[in-house]
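Residue numbers (the numbering used here): 2 to 338. Working notes, beginning with the structure itself.
What follows is the structure, given as structure tokens:
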């Protein structure tokens, strides 16, 4: 079959395709045609958008979630993620699935693959196999597979002293602002008053700080938390449970995955796609929010002050107000016309 457009990291793997001809687990794989080139491989994804594309193209061959699929494999490949803490967890999880097999790391040089190769060395003697397309491929033989790591044991837990009482936050590796409250969310937490009553959405929920605060402040409102990342979804569920709160938590790719007839969308929107900066999800939110809001429904979000979001908000939603500005961030509010 034709390879079509292939991620550079996938191209590097395919330069040594004979190493990956057996039962291989590809973790964090891109949504390209790699599975079509490696017929015995299986994917593991924690990105809902990439999972959806892979599932459509290669039905039944990808697993979605925060833990690897059951069973053992001849080899496992980690496509380098952004977070060092997540990389440590993923290496341990993959090593547990390849007894007497090979563990591989592939990633872009500018994303820090050489640094991550030192993390791989915790599992044995490492070696660099290839360097091409601005990417590197490393490997490590696994003689004795470690036990499956306990993801919950790696969670960071902290308490926020809010005006209505302390809020417990549980953050898993790889989640935005892991183990701390970022400045944008801190500012937005101070400006959650006066939202319309009805169904509320925390878009890009991360560890669930905003969602849990909303549920506590508006206990009679239905609440949905949405994020593209399985580790964020799991973190939000843990944060809600730690505070005795209940809400719907969903994995989905962007605002298209959100419910309709919402009273309000509250967001500290994402600006990363993997290791790269990307405002696509936020810009799509601004263009499509009106389709998910009731008449008079409100979009309230925090964003870096330098981003030119107000014209986009006013074009697609309604008059944009700046509710607050501090520390390089602004809180914007707009109601559907």
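For each residue, glycine too, the CB sits at the ideal point set by N, CA and C.
Cβ pair residue i, residue j closer than 8 Å
i, j, result
"residue 121", "residue 81", "no"
"residue 66", "residue 242", "no"
"residue 99", "residue 27", "no"
"residue 200", "residue 222", "yes"
"residue 318", "residue 301", "no"
"residue 192", "residue 76", "no"
"residue 35", "residue 46", "no"
"residue 10", "residue 102", "no"
"residue 49", "residue 229", "yes"
Where residue i falls: helix, strand or coil (DSSP)
i, result
"residue 317", "helix"
"residue 329", "coil"
"residue 98", "coil"
"residue 158", "strand"
"residue 64", "strand"
"residue 190", "helix"
"residue 176", "coil"
"residue 217", "helix"
"residue 335", "strand"
"residue 76", "strand"
"residue 280", "coil"
"residue 247", "coil"
"residue 126", "coil"
"residue 285", "helix"
"residue 8", "coil"
"residue 50", "helix"
"residue 24", "coil"
"residue 258", "helix"
Inter-residue CB distance, residue i and residue j (contact presumed, cutoff 8 Å)
i, j, result
"residue 320", "residue 298", "With a Cβ gap of about 14 Å, residue 320 and residue 298 do not count as contacting."
"residue 143", "residue 125", "6 Å"
"residue 147", "residue 187", "Actually they are not in contact, since the Cβ atoms of residue 147 and residue 187 sit about 38 Å apart, beyond 8 Å."
"residue 171", "residue 239", "4 Å"
"residue 313", "residue 284", "7 Å"
"residue 174", "residue 237", "Residue 174 to residue 237, Cβ: 15 Å. No contact."
"residue 165", "residue 218", "7 Å"
Nonlocal neighbours in the same chain, by C-beta distance under 7 Å from residue i, ignoring five residues either side
i, result
"residue 180", "157, 159, 172"
"residue 133", "13, 16"
Cutoff 8 Å; reference residue i; Cβ partners in own chain excluding five residues on either side
i, result
"residue 277", "In this prediction, residue 277 scores a pLDDT of 47, lower than 50, which makes its location untrustworthy; the coordinate-derived value is nonetheless stated afterwards. Excluding positions up to five away in sequence, the list is empty."
"residue 304", "185, 270, 283, 310, 330, 331, 333"
"residue 131", "13, 16, 17, 137, 138"
Cutoff 6 Å; reference residue i; Cβ partners in own chain excluding five residues on either side
i, result
"residue 293", "259, 261, 263"
"residue 196", "265"
"residue 268", "204, 205, 302"
"residue 20", "none"
Margin query: Is it the case that the region 84 to 101 contacts the region 112 to 131, given that we only count it when at least three CB pairs across the two stretches are under 8 Å?
Written below: yes
Check: Can at least three beta-carbon pairs, one atom from the region 130 to 142 and one from the region 204 to 214, be found at a separation below 8 Å?
Finding: Remark: fewer than three beta-carbon pairs, one from each stretch, lie closer than 8 Å, so the region 130 to 142 and the region 204 to 214 are not flagged as touching.
Next item on the list: Check whether the region 21 to 41 touches the region 145 to 165, taking contact to mean three or more Cβ pairs, one atom from each stretch, closer than 8 Å.
Entry: no
Note to self: Does the structure place the region 33 to 43 close enough to the region 7 to 24 that three or more beta carbon pairs sit under 8 Å?
What the structure shows: Contact annotation: the region 7 to 24 touches the region 33 to 43, with at least three C-beta pairs closer than 8 Å.
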